[in-house]
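Read the structure below first, then the notes.
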Amino acid sequence: MSFVPAPGYRPAYNPVGIVPGGGVQGRRDSGMDVPPPPPHCRFHVNLASGAGGGADLALHLNPRFGTEGQAVLNSCHGGEWGPEQCHDLQPFTPGTPFEIVITVTPHAYRILVNGSHFDEFLHRLPAEQVTAVTVDGDLELTQLFWGGSPSSLSLLPPPSPGHAADHPLLSYPLLCPLQPVPFVATIPGGLIPKKTIVVKGYIPPDAVRFHINLRAGPGGDVLLHLNPRLEEGVVVRNSLLGGVWGSEEQDLPHNPFQRGRYFDLSIRCGNYRFKVFAEGQPLCNFSHRLPPGPHVDTLEVEGDVVLSYVHF
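First residue of the sequence shown: 1, per the UniProt record's numbering; consecutive thereafter.
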């Protein structure tokens, strides 16, 4: 699930997101892309068992700037805080936007900041009890996504008007629904060298297959057909030129497309080939069988997939 506020959209109160289905292993629980905080401040991200003030906290991530200068990880059960797990603030720097991604594993929460490993926090409470994500403190929240569930993330109504003055820099994210599938979009300027397309989504547990097409207009030639087939455990790449399918390519170093998992895919158009990345790592190349250009202006996504984010 991804939602981004429109430019200039800056209401001030703390968002509380209801997590559909609880914190299931393998989900990318929450991510946020926030502008820089002031130099003397703190904020926190909580994975909680409910939206109320007395809820248990399975994870409390709390960067503290100023004299303390550290990021604290902790949990709270029955009103009692556990032992703090402290980390230096890097890469949290006042004046620099950052992105946090929290992934649930069977044993811990894995935390990435700006795409790099930050820390792990071993489970002290069952992840399945997590039903809400709360963000509060001195920051502007510009994006929040729930990447592992086909259900939408809902936000609670705002708190009392007086709360806004307590956190003047906090922003409330604007919800956007999941993109419907089949999904068809026009690629601005067409598919030219150095153009990168990002597709993120979730593969349901009962998924069979889905595909991503880069096309020369609706119904036109397909320069790249990327087709994960979950039952066969393969990812087929092909082209459809003049109504004729070409030869399939299937070799991969690993298969990032798994049922019940979130994926982050980037397709970069080069001069001679498409370069495909999964989770930021090289996955495969597909040599051009027809030159790309502005006429290749259509992206299609269809099949057993929950599409949460597309970026050109």
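The beta carbon of each residue, even a glycine, is placed where N, CA and C say it ideally should be. A quick note: this is a predicted structure, and the numbers were derived from the prediction, not measured.
Here A127 carries a helix assignment [DSSP, helix/strand/coil]. Under the 8 Å Cβ criterion, the segment 294-309 does not count as touching the segment 236-249, having fewer than three qualifying pairs. Taking the Cα of L59 as reference, the smallest distance to any Cα among G115, R42 and V130 is reached at V130.
DSSP places C41 outside any beta strand (DSSP E), giving it a letter other than H or E. In the structure shown, the three-state DSSP call for V310 is strand. Ranked by Cα distance from G242, the first of G79, A127 and V222 is V222.
In this structure, DSSP gives D138 a state outside helix and strand, which the three-state scheme calls coil. Around the beta carbon of I192, fewer than 16 other beta carbons sit within 10 angstroms, so the residue counts as exposed. Under a 10 Å Cβ-count criterion, T298 is classified as buried, with 16 or more other Cβ atoms of the shown protein chains found around its own Cβ. Look at V72 here: in three-state DSSP terms it is strand. The straight-line gap separating the alpha-carbon atoms of R259 and G270 is approximately 30 Å.
P106 sits exposed, since fewer than 16 C-beta atoms from the chains shown fall within 10 Å of its C-beta. CA-CA distance, P182 to S308, rounds to 13 Å. For D88, the uninterrupted beta strand (DSSP E) segment begins and ends at Q85 to D88. Only residues of its own chain outside the window of five on either side were considered, and among them C269 have a CB closer than 6 Å to the CB of K195, listed in chain order. The beta strand (DSSP E) runs of length 3 or more contained entirely in the UniProt domain "Galectin" (183-312) are, from start to end of the chain, 183-186, 196-202, 210-215, 222-229, 234-241, 262-269, 273-278, 281-287, 298-303 and 306-311. Here the alpha carbons of E279 and L224 stand approximately 19 Å from one another.
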